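**Q**
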Amino acid sequence: MSSRKLLTGNEALALGALHAGARVITGYPGTPSTGAIESLLAMEPPSVYVEWSTNEKVALEIAAGAAWAGQRALCTMKMSGLNVASDSLYSVAYSGVVGGLVIYVADDPGVSAGMCEQDSRGFALLADLPLLDPSSVAEAYQLTRLAFDLSEAVGTPVLVRLVTAIAHTSAPVEVGEPLPLPEREPQLLRDIARFTKAGAAICMQQHRDLIVRLEEAGRWLRQAGLNSLQIAEKNSHPRLGIIAGGVVNAYLEEGLEIATRWGLDPRSVSTLRVRAPHPFPSDEVRALLQQVDMVVVLEELEPHLERGVYVEAHRRGFPGRIVGKLDGTLERVGEYDVRHVVRGIAAALGFSIPPDLFAAETEAEQLAAPRPITVCPGCPHRGTFLAINRAIRRAGYRRDQVMVTGDIGCTILGMNPPFDTVWNEVAMGASIGLAQGYVHAGVKTPVIATIGDSTFFHAGIPALINAIQHAVPLTVIIMDNGWTAMTGMQVNPSTDEEFQPPGGRRVDIAQLVPALGVEHFFVVDPFDLDGTTAVIQQALALPGVKVILSRQECAIQAQRRGHRAGTVRVVPENCNLCKLCIMLTGCPAIDLGTEAVMIDSALCYGCGLCAQVCNRDALVRISE
Amino acid sequence: MKTEKSLDIFLIGVGGQGLLTIGEVIAEAALALDLPACFYPYKGMAQRGGLVKAQLRLGRSAVGPNIPPQGADLVIAMEVSEALRAVRVLRPGGEFLLFGERWLPTAVMLGKAAYPALEVVLEQVRAAEGRDIYLPPDTLPSGLPANLFVLGAAVGRTRLGDILPAIAVEEAIQRRWPRDPERNLAAFRAGCRNQE
Ligand code: SF4
Ligand code: SF4
């Protein structure tokens, strides 16, 4: 019995894994992949182990260990996370797996979450692993189930890639019955030739085996018919073929419909819909090339399929045109939609698209008020940014003389006005390494690194240890709000014990950092602007590695439990509408009134920072 | 295939308005009617007060999540300035429902940036050959959620109501808030009745 449900791509993928019998599920939050594990944690499926791991590499190793012990396992991450996990990924690929191992990676063409437009299909190529690329939410469910079967049939990890437009989209999904998979006893397999990298002979044999597995996967996928070839029902001249990858398939019908305006009969077009781009579907592409005179290749980001089509065309002596990115028709940047389908077809058949079709008028947009994102009302980071800015000035520097490196997560919002505190953003944990580079480059003014708690655990600790070992003069400010906030509040090692998984422990940064041998270690409360400023100012003048732990829970999360830091009231007669509070804090809870500022009591968390920057006693905080 | 029952909707507003809930309720109501729905929200980041937008494609069984420029049959905008960002998406002849709430960015409060006048926004909609339907914020009965009110107006006053009867939406609201649907139902009904 199957049923129809409205699911997001993330939920569909998670349910697919669950229904395929996954017993161990790990991951690290990252937009747009986060929803998969979130939905599983909400479901609390019995006898399935689900966790948010410290980082993606750890997550992958846990999942791989479970798969080596014979269980089915899923590991989830965004594309940036795959970079972190890749060291183990290659190695595990060489060894293969016993139980099914599926790695879900979410790519973000169009950059909804402010990171690189990385095309993870390239990782499949590098690691010689099969990759499935669902073209709809419904397929995210089906293909994830299938991925486990493929993984076990061939003994290889399998990558499933979703793009944001599938991961975040809700659409009806035909949900099947869970696979009646009998409980598996874990196995302990001792096989040095398979599970170690002891010597060249072993590694090269593993490499050969890996290539054989990939070929087997190709045969398996061909049989499963994942890449569907549809030869034109009607003849035409010239005969057009379209090869589309992943989500772009969803736009084909709409594109062909539009192309009928130029007299194109959709039934005269042959299509190859690719849902398993790696290993490259050579047979299907060859079969298509035999039937057409020209081919359009439609895929987001890098021309992975297209390059394969060129190779195949060369091998088969295909004389026709190949339209895509490599001939300059389509771009490698951004999400695709029906426009790209139409442009590809038009370029191949020599139609000219009327200029007013899809004309994107941007005049109206330019009249909109700019709305840079800032931190939430009551966000503890607001206090830390304000204190850093003040401390720099009080220590006698101009703001443009002091480098403040940034990291991933809500802490990066310090790059925006009104703070303009943070200068750069690279990757998880990178702020501390980057800062050391500035020091070694000869920067004589203080260098500050900012980082969040989850990011610190993820990849900041090795960089801090490096700074300590090499005695690099540096001020590291860890902004510990107890949650992985930017991705929607996940538990991390710094989260209060009360919210840790049953029996789980909190790892206290205040114990960890001094244990590393940091002599100058301070804990501050970012809601205390003067106190925090004084400590940062003091630290800037001290030698060696200084670490400041700026600690207050994420206001959003605390507010969800009904907590408030205090209450702030306006004393209207003292307010002369100088707007200093708005200018400095940029807090969205403060509004302009006609006589005095107003505070939106539904938004205000009572952090008191506005009261501390007001110099006319027009805002008063009452602690709770 | 594009049919009489297909409708491409673009939603825009700011975080905290409950805009995405509108899209989810429509998608749920459509599912119950066996009307294909594809809802693609853009949340940006978790912060309140930032831009929120979403695309909702109803009635086509095979369709990609993105609506092309000038492709939306209906725009539902909940913030005056942000509405301007949706004009390019509107199909000539399409409907543009604007709820006139204003969320001033900090730079505007400080006098460092301009905020567009309502008239400017409506002119832009008309210049794009859109049919504007303006919903003054003071027509929202006090104490009721604006998002469901706007949804009601969309069902009552635009083509959405032709393919999604109010009763189907009310049922979806009841399923979504099984314990206390009343406030949301009241807001929805007030929106349906609203004629400016
Ligand atoms: S106390 Fe002031 S700065 Fe803090 S949340 Fe309330 S209005 Fe914003
Ligand atoms: S989610 Fe939490 S940490 Fe992030 S900006 Fe908002 S209050 Fe700050």
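Order-wise, the sequence lines are chains A and B. Numbering of the first sequence is given in my numbering, commencing with residue 736 and proceeding in unit increments. Numbering of the second sequence is given in my numbering, commencing with residue -13 and proceeding in unit increments. All residues carry an ideal CB built from backbone N, CA and C; glycine is no exception. Because the structure is a prediction, the values reported are computed rather than measured.
Tell me the DSSP secondary structure of proline 1092(A) in three-state form.
**A** In the sequence under discussion, the amino acid at residue 1092(A) is leucine, which differs from the proline named in the question. DSSP places leucine 1092(A) in coil when its eight states are reduced to three.
**Q** Distance, Cα to Cα, glycine 4(B) vs serine 1285(A)?
**A** Whole-angstrom Cα-Cα distance: 32 Å.
**Q** Cβ atoms of phenylalanine -4(B) and valine 38(B): under 8 Å apart, would you say?
**A** Result no, Cβ atoms of valine 38(B) and phenylalanine -4(B) do not sit closer than 8 Å.
**Q** Can you grab the Cα-Cα spacing for the pair alanine 1170(A) / glycine 1187(A), in whole Å?
**A** Going from the Cα of alanine 1170(A) to the Cα of glycine 1187(A) covers about 15 Å.
**Q** Under three-state DSSP, which class holds methionine 1138(A)?
**A** Looking at methionine 1138(A) - three-state DSSP - the assignment turns out to be strand.
**Q** Give the single residue among Gly1195(A), Met1138(A), Gln1136(A) and Val1174(A) whose Cα lies nearest to the Cα of alanine 1162(A).
**A** Of the listed residues, the one whose Cα sits closest to alanine 1162(A) is Gly1195(A).
**Q** Can you list, in chain order, the residues of its chain whose CB lies under 7 Å from that of alanine 32(B), leaving out five sequence neighbours each side?
**A** Since pLDDT at alanine 32(B) reaches only 49, below the 50 mark, its modelled position is unreliable, and the value read off the structure follows with that caveat. Closer than 7 Å at Cβ, skipping near neighbours: no residue.
**Q** Considering just the uninterrupted stretch of the beta strand (DSSP E) at leucine 858(A), what are its terminal residues?
**A** It should be noted that the sequence gives phenylalanine, not leucine, for residue 858(A). That residue, phenylalanine 858(A), is in no beta strand (DSSP E); its alpha helix (DSSP H) goes 856 to 862.
**Q** Nearest CA to the CA of asparagine 1350(A): which residue from Cys1310(A), Ile1123(A), Val1248(A) and Leu861(A)?
**A** Minimum Cα distance to asparagine 1350(A) is reached at Cys1310(A).
**Q** Use the C-beta contact count for isoleucine 1112(A): other C-beta atoms within 10 angstroms, 16 or more gives buried, fewer gives exposed.
**A** Residue identity check: residue 1112(A) is proline in the sequence provided, not isoleucine. With 16 or more other Cβ atoms within 10 Å, it is buried.
**Q** Judging by CA-CA distance, which residue of Tyr1340(A), Ala1081(A) and Glu791(A) is the nearest neighbour of cysteine 1114(A)?
**A** When only C-alpha atoms are compared, the closest one is Tyr1340(A).
**Q** Go ahead and pull the three-state DSSP assignment for phenylalanine 1154(A).
**A** Coil at phenylalanine 1154(A), not helix or strand.
**Q** Distance, Cα to Cα, proline 764(A) vs glutamate 109(B)?
**A** The straight-line gap from Cα to Cα measures roughly 43 Å.
**Q** Under 9 Å, CB to CB, which of the residues in the segment 1062 to 1074 of chain A have a partner in chain B?
**A** Flagged, chain order: Glu1070, Tyr1071, Asp1072, Val1073 and Arg1074.
**Q** Which residues, in chain order, sit with a beta-carbon under 6 Å away from any heavy atom of ligand 1?
**A** With the cut-off at 6 Å, the residues found are Pro1112(A), Gly1113(A), Val1303(A), Thr1320(A), Cys1322(A), Ala1324(A), Ile1325(A), Ile1334(A), Cys1339(A), Tyr1340(A), Gly1341(A), Cys1342(A), Gly1343(A), Leu1344(A) and Cys1345(A).
**Q** Look at the alpha carbon of isoleucine 1325(A) and the alpha carbon of isoleucine 1108(A), and state the distance between them as a whole number of angstroms.
**A** Distance between the alpha carbons of isoleucine 1325(A) and isoleucine 1108(A) is about 16 Å.
**Q** Below 8 Å between beta carbons: does that hold for alanine 841(A) and serine 768(A)?
**A** Cβ distance < 8 Å, so alanine 841(A) and serine 768(A) count as in contact.
**Q** Please check if any C-beta of chain A sits within less than 8 Å of the C-beta of tyrosine 26(B).
**A** So, interface residue.
**Q** Hey, could you find the ends of the beta strand (DSSP E) lysine 1281(A) is sitting in?
**A** First-last of the beta strand (DSSP E) with lysine 1281(A): 1280 to 1286.
**Q** Could you list which residues in chain A have their beta carbon closer than 8 Å to that of tyrosine 120(B), in chain order?
**A** Under the 8 Å cutoff, chain A gives no residues; its nearest Cβ is about 16 Å from tyrosine 120(B).
**Q** Taking DSSP as the reference, what is the three-state secondary structure of serine 738(A)?
**A** It is a strand residue.
**Q** Across the segment 748 to 764 of chain A and the segment 1199 to 1208 of chain A, are there enough close Cβ pairs to call them in contact, namely three or more that are closer than 8 Å?
**A** Output reads no: the segment 1199 to 1208 of chain A does not touch the segment 748 to 764 of chain A.
**Q** Measuring CB to CB, does leucine 864(A) end up less than 8 Å from proline 892(A)?
**A** Going by C-beta atoms, leucine 864(A) is nearer than 8 Å to proline 892(A).
**Q** Is the segment 1002 to 1018 of chain A in contact with the segment 966 to 973 of chain A, if contact means three or more CB pairs nearer than 8 Å?
**A** Cβ pair count under 8 Å is three or more, so yes.
**Q** Using the beta-carbon of each residue, which ones in chain A are nearer than 7 Å to serine -8(B)?
**A** Here the premise fails: no neighbours, minimum Cβ distance about 10 Å.
**Q** Just checking my contact of leucine 1061(A) with glutamate 14(B) at CB under 8 Å: how many whole Å lie between their CB atoms?
**A** In fact, because the Cβ distance is near 43 Å, the residues do not count as touching under 8 Å.
**Q** Could you work out which residues of chain A lie near leucine 134(B), taking near to mean beta carbons separated by less than 8 Å?
**A** Chain A residues near leucine 134(B): none, gap ~18 Å exceeds 8 Å.
**Q** Going by beta-carbon coordinates alone, are glycine 1141(A) and glutamate 1160(A) separated by less than 8 Å?
**A** For glycine 1141(A) and glutamate 1160(A), yes; Cβs fall inside 8 Å.
**Q** If distances are taken between C-alpha atoms only, which option among Lys932(A), Thr1320(A), Gln853(A) and Asn984(A) comes closest to glycine 1118(A)?
**A** Among Lys932(A), Thr1320(A), Gln853(A) and Asn984(A), the Cα nearest to that of glycine 1118(A) belongs to Thr1320(A).
**Q** One question on the structure: do arginine 117(B) and glycine 142(B) come within less than 8 Å of each other, judged by their Cβ atoms?
**A** Not a contact, by the Cβ cut-off of 8 Å.
**Q** DSSP three-state call for leucine 90(B): helix, strand or coil?
**A** The answer is coil: DSSP assigns leucine 90(B) none of H, G, I, E or B.
**Q** Output needed for proline 167(B): all residues of its chain with C-beta closer than 6 Å, excluding positions within five of it in sequence on either side, in chain order.
**A** Within the same chain, proline 167(B) has close Cβ partners Ile159 and Gln160.
**Q** Using 8 Å as the threshold, is the segment 1013 to 1031 of chain A in touch with the segment 947 to 957 of chain A, meaning 3 or more CB pairs across them?
**A** Result yes; three or more Cβ-Cβ pairs closer than 8 Å.
**Q** Keeping to the same chain, check which residues put their C-beta closer than 7 Å to that of glycine 953(A); ignore five residues upstream and five downstream.
**A** Correct list, in chain order: Pro1014.
**Q** Given a cut-off of 8 Å, decide if valine 111(B) and valine 73(B) are closer than it, judged by their beta-carbon atoms.
**A** Yes.
**Q** Which residues share a DSSP beta bridge with arginine 1356(A)?
**A** Val1303(A).
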